[in-house]
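Novice:
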Ligand SMILES: Cc1ncc(C[n+]2csc(CCOP(=O)(O)OP(=O)(O)O)c2C)c(N)n1
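Chains as they are written, first to last, in my numbering: chain G, 1 to 168; chain V, 1001 to 1565.
1) Following the continuous beta strand (DSSP E) through residue 121 of chain G, name the residue where it begins and the one where it ends.
2) Using DSSP bridges, identify the partner residues of residue 1253 of chain V.
3) With residue 1023 of chain V as the anchor, note down where its beta strand (DSSP E) starts and where it stops.
4) Helix, strand or coil for residue 1480 of chain V per DSSP?
5) Going along chain G, which residues have a C-beta under 7 Å from residue 1127 of chain V?
6) According to DSSP, is residue 1533 of chain V helix, strand or coil?
7) Between V:1520, V:1408, V:1315 and V:1017, which has its C-alpha nearest residue 1223 of chain V's C-alpha?
8) Could you check how far apart the C-beta atoms of residue 1375 of chain V and residue 1520 of chain V are, in whole angstroms? I think they sit under 8 Å.
9) Are any of the Cβ atoms in chain V nearer than 7 Å to that of residue 29 of chain G?
10) Verify the contact flag: residue 1429 of chain V, CB atom, against every heavy atom of ligand 1, threshold strictly below 6 Å.
11) Can you pull the chain V residues whose beta carbon is under 7 Å from the beta carbon of residue 13 of chain G, in chain order?
12) Taking one C-beta from the stretch 1033 to 1044 of chain V and one from the stretch 1416 to 1426 of chain V each time, how about it: are there three or more such pairs within less than 8 Å?
13) Measure from the alpha carbon of residue 1358 of chain V to the alpha carbon of each residue in V:1262, V:1091 and V:1023, then state which is nearest.
14) Based on the DSSP secondary-structure assignment, which residues constitute the bridge partners of residue 1097 of chain V?
15) Check residue 1046 of chain V in the structure and name its three-state DSSP category.
16) Using a Cβ-Cβ distance under 7 Å, would residue 1 of chain G count as near chain V?
17) Output, in sequence order along the chain, the residues in the stretch 1089 to 1111 of chain V whose CB is closer than 7 Å to any CB in chain G.
18) Rank G:64, G:51, G:119 and G:8 by C-alpha distance to the C-alpha of residue 18 of chain G and give the top, closest one.
19) When you compare the CB positions of residue 1334 of chain V and residue 1527 of chain V, do they come within less than 7 Å of one another, or not?
20) Excluding five sequence neighbours on each side, which residues of the same chain lie with their C-beta closer than 6 Å to the C-beta of residue 46 of chain G?
21) Which stretch, first to last residue, makes up the alpha helix (DSSP H) that contains residue 74 of chain G?
22) Confirm the yes/no value for this check: CB of residue 1449 of chain V, any heavy atom of ligand 1, distance under 6 Å.
23) Please state the DSSP three-state secondary structure of residue 1367 of chain V.
24) Looking only at its chain, what residues have a beta carbon closer than 6 Å to the beta carbon of residue 1475 of chain V, apart from the 5 residues adjacent to it on each side?
25) In the DSSP output, which residue or residues are listed as bridge partners for residue 14 of chain G?
26) With distances taken from CA atoms, which of V:1481, V:1097 and V:1541 is nearest residue 1024 of chain V?
27) If I'm right that residue 1235 of chain V touches residue 1209 of chain V with Cβ under 8 Å, what's the distance once you round it to whole angstroms?
28) For the stretch 76 to 97 of chain G, enumerate the residues whose C-beta is nearer than 7 Å to any C-beta of chain A, in chain order.
29) Report, in whole angstroms, the separation of the C-beta atoms of residue 117 of chain G and residue 131 of chain G, which I expect to be a contact under 8 Å.
30) To the nearest whole angstrom, what separates the beta carbons of residue 1099 of chain V and residue 1072 of chain V, a pair I think is in contact under 8 Å?
31) With 16 as the cutoff for other CB atoms within 10 Å, does residue 1009 of chain V come out buried or exposed?
32) Just to confirm, is the Cβ distance from residue 1486 of chain V to residue 1243 of chain V under 7 Å?
33) Comparing alpha-carbon positions, which option in V:1322, V:1207, V:1541 and V:1518 lies nearest residue 1270 of chain V?
34) Give the DSSP bridge partners of residue 1446 of chain V, in chain order.
35) By Cβ distance, which residues of its chain are closer than 6 Å to residue 1346 of chain V, with the 5 residues on each side in sequence left out?
36) Name, please, each residue of chain G whose Cβ falls closer than 7 Å to the Cβ of residue 1184 of chain V.
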């Protein structure tokens, strides 16, 4: 029986790997070599400095996601792979954005920042730079509103995610 | 006692039981080669091209079930190994390639003969290492052996900067029995619940087929497979990689499946109601068009590599584990089942299979005037009682070897299955002959492929490795020409090999024996002469130029849409 095409779904996958040179390229090489897509990827040390965590966001149908997870596990330097999408988890992304803010839009941009609890990280006579933190829906919503005023530059961190503690 | 990196490396090899190494020296490994002069326990075979060293290590590993070892220098020495590594990767062969590297201080400087071989081979090794600290050397080398041979086997590359080979420390050698990698723990034992479910399914179905692959060979599961198939009277087919895993002369044997598989095997798979895949991976050369592959079958898939399961087809009962172990467990479970008369219950299914076999057996038009390539392979089988170690090149020669040399035992066929690398067969045969000095080793070759590593005639002559090369000389890149013939209106674009050397003279120039057969009646005497010579022999069989490998499922077609002879 052949596999049937199904809709692509976004998945956030957490990968713990040995913290040694070359491991990241093994992971990204796997994605490019096998034609999987990576929407975003964040890397950082864990509590144990010999272990790094890669949080990556990808999309694909059920079978592709299954293959991605299996292929990640197959890498010799992979310690643990968790598909957070299937678990109760919190996801956050940080976006730094420089917006035009002149005349009357200056107050409006600040108001948007205030409503969404963004921080102003830089100010110039004609622009504001804001730090937006939140899940994807929120960051996209803010960017949508700011677009009207003219976005000059966007820097996105990619998603980070953590599993929620079990509530006994 | 202080030891240099080169000494540590050779000590590790000996601890791993390495006796033979295939390699080619250069500046970046000169210290290791120097150390080899003081290490008579390890025999080094100087190949004449690094690609051949890797294929030889591959053939050696397949025939002997030991890890094959190759040693080459940095830069061009290293890049020359890539085809061999990729081939071993596709076929899951445990080999280790040790490459020299420029000194650590120069890495990244575009130094002379520097190449990022770890980067280049990342996607075609099971794992690879760059050793940057002498303290890591011994552990890394032993880890490399462990990774290469455990789980789903595969090639490993270890890149050794020159200064690491030279510096001396008091080394610590890890206990080989306790090599562990926390992030790498292959699953050997199949889940008993899954095995039970699989068996229940198999027992309730009427048209089972066993579809086996290289995993049977790697895990030495032939005896278990035979017991399972015979007990339940299940017909068996296998991939190219699995040939010999089940006796090719057994009544339950249907022949190879897939693109050039038998009519019988492909029909049986197409109409099966349960397909038991063991150590196989549903490669596109096997399945043909996926949506028409075994459309009525529930699929049980036993494999040590979880990522092979449900990669190409939906699997109903996945079983992760070692094939030998899983089949052994299934056989044990079977003993607890109420006895049934399987011969009786299978009667109609096996009759159906026999009728397919009768309708379209593997066949070719015999000829009295011109040598048929299939005839040569049949004669080779006959005159070696089907007991020879056969390697192949790639193309028609490979398929005829697979179809007509009915392998009776595992580890008798070495072929570049997954990568399909022309030039594999001869150096692989050299490796097999080193592993099995008293056996008959024959490379079934094409006149195109053999030229890709012909330089190794020097190596086999030097070491008197009495490898036999049987060139099925059709003066074409036969397999490509076959596609052009059948699918491209006979436009033979760049596939004619009318310009070719005199292979008999080539053999003689290298110091080997050269023989030629131009008529059918010359085939047998030539083979007999070759087998009797305790020397390397090249046999040039001038065969029918436009013969095609049949049956054939054209790429992208369904298995049952095969073209027949
Ligand atoms: C290194 C390499 N280059 C190209 C190919 C593509 N290819 C597949 S079969 C074949 C023809 C092989 O010709 P020959 O060795 O004469 O064998 P025959 O098919 O005639 O038996 C070619 C060119 C390949 N498999 N490997």
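Backbone N, C-alpha and C fix where the C-beta goes; we use that ideal spot for every residue, glycine too.
Specialist: To lay it out plainly:
1) Per DSSP, residue 121 of chain G belongs to the beta strand (DSSP E) from 119 to 124.
2) Looking at the DSSP assignment, residue 1253 of chain V forms a beta bridge with V:1236.
3) Note, residue 1023 of chain V: beta strand (DSSP E), 1020 to 1024.
4) Residue 1480 of chain V: helix per DSSP, three-state reduction.
5) Within 7 Å Cβ-Cβ: 76.
6) In the structure shown, residue 1533 of chain V sits in coil (DSSP, three-state: anything other than H, G, I, E or B).
7) Ranking V:1520, V:1408, V:1315 and V:1017 by Cα distance to residue 1223 of chain V puts V:1408 first.
8) Between residue 1520 of chain V and residue 1375 of chain V the Cβ distance is about 7 Å, and since that is below 8 Å, they are a contact.
9) Yes, because at least one Cβ of chain V sits closer than 7 Å to the Cβ of residue 29 of chain G.
10) Not one heavy atom of ligand 1 lies closer than 6 Å to the C-beta of residue 1429 of chain V.
11) Against chain V, a Cβ distance below 7 Å from residue 13 of chain G picks out nothing, because the smallest value is about 15 Å.
12) Short answer: they don't touch.
13) Of V:1262, V:1091 and V:1023, the residue nearest in Cα terms is V:1262.
14) Note: residue 1097 of chain V sits in a beta bridge opposite V:1070 and V:1157.
15) Looking at residue 1046 of chain V - three-state DSSP - the assignment turns out to be strand.
16) For residue 1 of chain G, the predicted model reports a pLDDT of 47, less than 50, meaning its position is unreliable and no value from the coordinates is stated.
17) The stretch 1089 to 1111 of chain V vs chain G, Cβ under 7 Å: nothing.
18) It is G:51.
19) Residue 1334 of chain V places its beta carbon 7 Å or farther from that of residue 1527 of chain V.
20) Within the same chain, and ignoring the five residues on either side of residue 46 of chain G in sequence, the residues whose Cβ sits closer than 6 Å to its Cβ are 53.
21) First-last of the alpha helix (DSSP H) with residue 74 of chain G: 62 to 74.
22) Under cutoff, so the answer is yes.
23) Looking at residue 1367 of chain V - three-state DSSP - the assignment turns out to be coil, as it is neither helix nor strand.
24) 1497, 1498 and 1545.
25) Answer by DSSP bridge pairing, in chain order: G:55 and G:82.
26) When the alpha-carbon of residue 1024 of chain V is set against those of V:1481, V:1097 and V:1541, the nearest one is in V:1097.
27) The pair is a contact, with the Cβ atoms about 6 Å apart (cut-off 8 Å).
28) The structure shown contains no chain A; its protein chains are G and V.
29) That pair is no contact at about 10 Å.
30) A Cβ-Cβ separation of about 6 Å places residue 1099 of chain V in contact with residue 1072 of chain V under the 8 Å criterion.
31) Flag for residue 1009 of chain V reads buried.
32) With contacts defined by Cβ atoms closer than 7 Å, residue 1486 of chain V and residue 1243 of chain V do not form a contacting pair.
33) Of the listed residues, the one whose Cα sits closest to residue 1270 of chain V is V:1207.
34) Under DSSP, the beta-bridge partners assigned to residue 1446 of chain V are V:1472.
35) Here the set comprises 1233.
36) What residue 1184 of chain V touches in chain G, judged by beta-carbon distance under 7 Å, is 76, going in chain order.
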